[in-house]
Amino acid sequence: MSQAAIEDAPPRTGMRVRVQKFGTALSNMVMPNIGAFIAWGLITALFIEQGWLQGIFASLKNPDGWVAQIGGWGSYDGAGIVGPMITYLLPILIGYTGGRMVHGNRGAVVGAIATIGVVTGADVPMFMGAMIMGPLGGWCMKKLDALWEGKIRPGFEMLVDNFSAGILGMILAIFGFFAIGPIVSAFTRGAGNAVDFLVDNDLLPLTSILIEPAKVLFLNNAINHGVLTPLGTTQALETGKSILFLLETNPGPGLGILLAFMFFGKGVARASAPGAAIIQFFGGIHEIYFPYVLMKPKLIIATILGGMTGVFINVLFGSGLRAPAAPGSIIAIYAQTASGSFLGVTLSVLGATAVSFAVAAFLLKTDKATDEPDLAAATASMESMKGKKSSVASQLVGAGATSGPIRNIVFACDAGMGSSAMGASVLRRKIQQAGFGDVKVTNSAISNLTDTYDLVVSHRDLTARASQRTGSAIHVSVDDFMSSPRYDEIVEQLQQTNGGGSATPVAVDDEPVQADSDAGDASDADVLPVSSIVLSGTASSAADAITEAGQLLVAAGAVEPAYVDAMHERESSISTYMGNGLAIPHGTNEAKGAIRRTGLSFVRYPEPVDWNGKPAEFVVGIAGAGKDHMALLTKIAQVFLKADDVARLREAQSAEEIRSILMGAQK
Numbered sequence: 001m002s003q004a005a006i007e008d009a010p011p012r013t014g015m016r017v018r019v020q021k022f023g024t025a026l027s028n029m030v031m032p033n034i035g036a037f038i039a040w041g042l043i044t045a046l047f048i049e050q051g052w053l054q055g056i057f058a059s060l061k062n063p064d065g066w067v068a069q070i071g072g073w074g075s076y077d078g079a080g081i082v083g084p085m086i087t088y089l090l091p092i093l094i095g096y097t098g099g100r101m102v103h104g105n106r107g108a109v110v111g112a113i114a115t116i117g118v119v120t121g122a123d124v125p126m127f128m129g130a131m132i133m134g135p136l137g138g139w140c141m142k143k144l145d146a147l148w149e150g151k152i153r154p155g156f157e158m159l160v161d162n163f164s165a166g167i168l169g170m171i172l173a174i175f176g177f178f179a180i181g182p183i184v185s186a187f188t189r190g191a192g193n194a195v196d197f198l199v200d201n202d203l204l205p206l207t208s209i210l211i212e213p214a215k216v217l218f219l220n221n222a223i224n225h226g227v228l229t230p231l232g233t234t235q236a237l238e239t240g241k242s243i244l245f246l247l248e249t250n251p252g253p254g255l256g257i258l259l260a261f262m263f264f265g266k267g268v269a270r271a272s273a274p275g276a277a278i279i280q281f282f283g284g285i286h287e288i289y290f291p292y293v294l295m296k297p298k299l300i301i302a303t304i305l306g307g308m309t310g311v312f313i314n315v316l317f318g319s320g321l322r323a324p325a326a327p328g329s330i331i332a333i334y335a336q337t338a339s340g341s342f343l344g345v346t347l348s349v350l351g352a353t354a355v356s357f358a359v360a361a362f363l364l365k366t367d368k369a370t371d372e373p374d375l376a377a378a379t380a381s382m383e384s385m386k387g388k389k390s391s392v393a394s395q396l397v398g399a400g401a402t403s404g405p406i407r408n409i410v411f412a413c414d415a416g417m418g419s420s421a422m423g424a425s426v427l428r429r430k431i432q433q434a435g436f437g438d439v440k441v442t443n444s445a446i447s448n449l450t451d452t453y454d455l456v457v458s459h460r461d462l463t464a465r466a467s468q469r470t471g472s473a474i475h476v477s478v479d480d481f482m483s484s485p486r487y488d489e490i491v492e493q494l495q496q497t498n499g500g501g502s503a504t505p506v507a508v509d510d511e512p513v514q515a516d517s518d519a520g521d522a523s524d525a526d527v528l529p530v531s532s533i534v535l536s537g538t539a540s541s542a543a544d545a546i547t548e549a550g551q552l553l554v555a556a557g558a559v560e561p562a563y564v565d566a567m568h569e570r571e572s573s574i575s576t577y578m579g580n581g582l583a584i585p586h587g588t589n590e591a592k593g594a595i596r597r598t599g600l601s602f603v604r605y606p607e608p609v610d611w612n613g614k615p616a617e618f619v620v621g622i623a624g625a626g627k628d629h630m631a632l633l634t635k636i637a638q639v640f641l642k643a644d645d646v647a648r649l650r651e652a653q654s655a656e657e658i659r660s661i662l663m664g665a666q667k
């Protein structure tokens, strides 16, 4: 990836992560129940007053007979299906799912009971209320069960379980009826009035300025499932359709980007664009075009203008969908298109595609960058933001190809003493747990690489350098060293190329990570003395934190003062943030001459330090003269893979306790 692309890339802040998690939670409540939304939309399309079959009913002669009865199926009053489905079934399904996410079946039941309170206490469909009461019911049930876990006399478990769920459900239903229902009703009416204002003043296309970048940053779920779906469903209940269902799902902007790469892209991006376009347009998996935008962040302009064009055309034609279209496939969109809206919806997709294509083509043609864009690195960045492996990532870059089994994996970094050592430790454990104990995982400085490895893992900003020295290897780019989704992809690759493996995790013992030097060993106490552990760091920036960790190494006699400057130099090229709140600053490969002996320092910060947009609570300074610090780094890596151990570090009251946690990590 070019430096310009890195600098233009959208910042990944703590707020983004929180909004993404919130959106994911909303999505996890709605998506499992999309089938019910589709059923409701189809019933609505068939039987309501503006429905497809009303013309047929109107032409028949017996309005008081079976025709009238069939027509009544879709009425919005109590005699029909549409009204009860949207009023009761859909919110209760969401509340049930939200409760189950938090506390299994017991949470699901209480969440459903709590949801019925807001449903009956409101005059609008209670999707937002269900998204509140469902998880709240599950959380309350979880906390209540924890109060007497292990304390109930044998034979009384069922009695306590049933009555506690029933009583809690009753309380939450009453609370929802009198407190949450009216509040959510007022919010829904206010939000609906805001949408009406945007429509009446021709401002609705401006929503694309927010929605299109949010999609690429995986923040769209918070907008789509948290706001647009509830408001759109309420609007569809009143008018038979809603334009809000089309704001985020229009496949036109993404299709335009992919078509532009088909004609004006380079290398792998151009070759993979046609297949990606089919998946995006017909399969409705929009995330497949996100890496193309992340490679060239200025292309977000094309998606915004394309999205605005699509919304404008829909406003102009008054088009809308009966119910949410999920996934955002053109097939799903047409299935939910209201009668009389097919022309507007079609033109909105074509218009969005044309504008997005024209703008993206211009930007690609006028791009002065000569290097081929790194689609693999962009895909890794996308998966890092998503927080898990992308189900369609293999369609873009695959996991590589090899003519034989993978036996030798190296994790490469700039200096070979810190990031690569911890990354190799995490990857080795995953590989061994999968049953591939014969696969060797080592770490190395890029300058020491030889073209003898089957697979090379490196930070996305170092992959190009690693490729120059190991051209015959498979290369995997990562962004998060501690929990990258690409590690799971490597395990899948091993299952394909090596065969065998284990279907279930197996217990493993970590071996010390191999280093580049063969210097003598030292005890953990010598490598990380108590004097080099600080419980409450004073730094307020990443640069100050690096200095603080480095000065501890100097004070311990592990390094010369010049080594601290080398730590800053290292950070200026590649971030040493590892993930899970941990940063491990260390010097460059050229600065190893300033190391007197192997040493580590540890600093904990009460308030996380902003480390290039990521929160670092713990900073481990590293000076590796040989391989004697690798075993301890392996232990540290295992600590930061366990939430309970990280919590113990956060609550530790002494330097001795910190060192005990780090050294006593279970292998």
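So the sequence shown is numbered by UniProt numbering: it starts at 1 and just counts up by one.
C-beta: ideal position from N, C-alpha, C; glycine also.
Could you check what DSSP says for residue i in three-state terms: helix, strand or coil?
i: T337; result: strand
i: T442; result: strand
i: E657; result: helix
i: G72; result: Annotation note: pLDDT 49 at G72 (below 50); position unreliable, coordinate value reported separately. G72: helix per DSSP, three-state reduction.
i: A5; result: Because A5 carries a pLDDT of 35, less than 50, the predicted location of this residue cannot be relied on, and the following value inherits that uncertainty. A5 falls in the helix class under three-state DSSP.
i: N162; result: helix
i: V124; result: coil
i: S242; result: strand
i: W148; result: coil
i: G138; result: helix
i: G557; result: coil
i: D202; result: coil
i: A583; result: strand
i: A623; result: strand
i: L321; result: strand
i: I431; result: helix
i: I595; result: strand
i: I180; result: helix
i: I34; result: helix
i: I174; result: helix
i: M85; result: helix
i: A503; result: Because A503 carries a pLDDT of 46, less than 50, the predicted location of this residue cannot be relied on, and no value is offered for it.
i: M578; result: strand
i: I288; result: helix
Is the beta carbon of residue j closer than 7 angstroms to that of residue i?
i: F342; j: S419; result: no
i: A271; j: F261; result: no
i: residue 706; j: P91; result: With the chain represented from 1 up to 667, any question about residue 706 goes unanswered, as that position is not in the structure.
i: I474; j: L455; result: yes
i: G306; j: S356; result: yes
i: V559; j: A583; result: no
i: N33; j: L93; result: yes
i: G176; j: M128; result: no
i: residue 732; j: W611; result: Given that the chain is displayed from residue 1 to residue 667, the structure contains no residue 732 and the question cannot be resolved.
i: G283; j: A332; result: no
i: S601; j: S532; result: yes
i: I257; j: A360; result: yes
Tell me, please, which residues DSSP counts as bridged to residue i.
i: I474; result: L455
i: R604; result: F618
i: I409; result: V441, L455
i: I167; result: Beta-bridge pairing links I167 to no other residue.
i: D610; result: P615
Should residue i go down as buried or exposed, given a rule of 16 or more other Cβ atoms within 10 Å for buried?
i: I546; result: buried
i: G240; result: buried
i: T44; result: buried
i: P561; result: exposed
i: K642; result: exposed
i: A179; result: exposed
i: N250; result: buried
i: N580; result: buried
i: G35; result: exposed
i: E651; result: exposed
i: E548; result: buried
Counting only C-beta atoms, is residue i closer than 7 angstroms to chain C at any point?
i: I94; result: Of the protein chains in this structure there is only one, and it is not chain C.
Check whether the stretch 338-348 touches the stretch 309-317, counting contact only when three or more Cβ pairs, one atom from each stretch, lie closer than 8 angstroms. yes
Take every Cβ of the stretch 85-97, pair it with every Cβ of the stretch 153-163, and state whether three or more of those distances are shorter than 8 angstroms. no
Below 8 angstroms, can you find three or more Cβ-Cβ pairs linking the stretch 287-303 to the stretch 187-207? Verdict: no, contact absent.
Count Cβ pairs between the stretch 634-652 and the stretch 421-441 that sit closer than 8 angstroms; are there 3 or more? yes
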